[in-house]
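Written out below as structure tokens is the structure these notes cover.
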Amino acid sequence: MPTNNLPDFDALWDYEHPAQTEAAFRQLLPQAEASGDASYHLQLLTQIARVQGLQRRFDDAHATLDAVAARLSDDLALARVRYLLERGRVFNSSGQPETSLALFQQAYELAEAQRFAFHAIDALHMLGIAAPPDERMGWNTRALAMAEAATDPLAHRWCGSLMNNIGWTYHDAGHFDEALAMFERALTFQQAQDDPRLIRIARWCIGRTLRSLGRTDEALALQLALYNDWAASGEQQDGYVSEEIAECLLALERTAESRPYFAEAYALLSRDPWLVAQEPQRLQRLRDLST
Numbered sequence: 312m313p314t315n316n317l318p319d320f321d322a323l324w325d326y327e328h329p330a331q332t333e334a335a336f337r338q339l340l341p342q343a344e345a346s347g348d349a350s351y352h353l354q355l356l357t358q359i360a361r362v363q364g365l366q367r368r369f370d371d372a373h374a375t376l377d378a379v380a381a382r383l384s385d386d387l388a389l390a391r392v393r394y395l396l397e398r399g400r401v402f403n404s405s406g407q408p409e410t411s412l413a414l415f416q417q418a419y420e421l422a423e424a425q426r427f428a429f430h431a432i433d434a435l436h437m438l439g440i441a442a443p444p445d446e447r448m449g450w451n452t453r454a455l456a457m458a459e460a461a462t463d464p465l466a467h468r469w470c471g472s473l474m475n476n477i478g479w480t481y482h483d484a485g486h487f488d489e490a491l492a493m494f495e496r497a498l499t500f501q502q503a504q505d506d507p508r509l510i511r512i513a514r515w516c517i518g519r520t521l522r523s524l525g526r527t528d529e530a531l532a533l534q535l536a537l538y539n540d541w542a543a544s545g546e547q548q549d550g551y552v553s554e555e556i557a558e559c560l561l562a563l564e565r566t567a568e569s570r571p572y573f574a575e576a577y578a579l580l581s582r583d584p585w586l587v588a589q590e591p592q593r594l595q596r597l598r599d600l601s602t
């Protein structure tokens, strides 16, 4: 991908701005339809479905995937893998993880058989998210081993995300020392990739875990440094850094200092449709602590 000199639509992804990504994908649809390349066209539609799901337009996403399913054939293996992945993601994101599991399993088996390493790892990574909690570590470690062994650079880049997911699996289980070690591995990996945004995210995870370990002064120093780095980057931080600064200050009984950060965190995070839908109590707490 791309094929037949068609644009590489995967390069257009901006996960922070799904509406803009959808618009960019839709601009390619006439060219995709006219190309006669069924695989390219159907793969593009799967990514439109994915971006619809990210906007929580789940009915639209399923309708798009229904159109893909009607045109799949046995010779369109990559399009089928991507269809299975995106149908699974829509079910998982809409609160039906149990329905998604069989789809991710099918995606993995087909991708592995066809040697689509990137998508095979993606399917394992999604199993590590959607599976019951006691099964997630097994899927994630299997995916990480596959990513670490991959010769395809894109497949190898999965290592950072998978280390992050494993770190959160440890963290959610209360194994904070193991989580910290994994997040430090993720930071080392992302530094080698030299993506400033991913480096900042990896550092945030370390800071969050330091707070869980009771090392609050260290956590606060790290998050304040991140806050300044975001400002220097010219990008708008998403609110999680402000939230962590506020939580650290509150834990250190510096309540008055925490309030502006809680207010900023609420202002930014309340724009996130996922948080609004899934964690309204968290947002209400930010609002309450800002005054």
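Under this note's numbering, the final residue of the sequence shown carries the number 602; numbering is consecutive throughout.
In this text, a Cβ means the ideal position worked out from N, Cα and C, and glycines have one as well.
Residue range of the unbroken alpha helix (DSSP H) whose run includes residue i
i	result
T300	Past the edges of the chain, shown from 312 to 602, lies residue 300, and the structure says nothing about it.
S384	Looking at the DSSP string, S384 is not in any alpha helix (DSSP H), and its letter there is neither H nor E.
D463	First-last for D463: undefined, no H or E at that position.
T602	Looking at the DSSP string, T602 is not in any alpha helix (DSSP H), and its letter there is neither H nor E.
Q342	P329 to S346
E423	P408 to Q425
Y538	T527 to S544
R511	P507 to S523
R570	T566 to L580
S553	Y551 to A562
Proximity test, Cβ basis, 8 angstroms: residue i and chain D
i	result
D445	Protein chains in the displayed structure number just one, and chain D is not present.
Contacting residues, own chain, Cβ-Cβ under 7 angstroms from residue i (five flanking each side not counted)
i	result
V362	P329, T332, E333 and F336
E489	Y481
S350	L387, L389 and A390
F427	L389 and V392
F604	With the chain covering 312 to 602 only, the question about residue 604 has no answer from this structure.
V552	W515, Q534, L537, Y538 and W541
Neighbourhood of residue i by C-beta, 6 angstroms cutoff - its chain only, sequence neighbours within 5 removed
i	result
L638	As shown, the chain starts at 312 and ends at 602. That puts residue 638 outside it, with no answer to give.
A290	Residue 290 cannot be examined here, being either before or after the span of the chain that is shown, 312 to 602.
A574	S601
A461	A428 and H467
8 angstroms CB neighbourhood of residue i in its chain, flanking five on each side removed
i	result
L414	L395, L396, R398, G399 and F402
Q417	L395
W324	T332 and Q358
L586	L580, R593 and L594
F487	Y481, T520, S523 and L524
P318	L339 and Q342
Cβ distance (whole Å) where residue i is taken to contact residue j below 8 angstroms
i	j	result
L412	A441	6 angstroms
T520	L491	5 angstroms
L355	A372	Actually they do not touch by this definition, with Cβ atoms about 14 angstroms apart.
L465	R453	Not a contact, Cβ separation roughly 19 angstroms.
Distance, residue j Cα to residue i Cα
i	j	result
P507	R514	11 angstroms
P571	L560	11 angstroms
L580	G550	5 angstroms
Y577	D348	46 angstroms
F484	T566	First, the amino acid is wrong: residue 484 is Ala here, not Phe. The alpha-carbon atoms of A484 and T566 are separated by roughly 29 angstroms.
R367	A588	9 angstroms
E564	L531	13 angstroms
W450	L339	35 angstroms
E409	D370	18 angstroms
M493	N316	40 angstroms
S405	M448	22 angstroms
S384	E529	55 angstroms
A497	A503	10 angstroms
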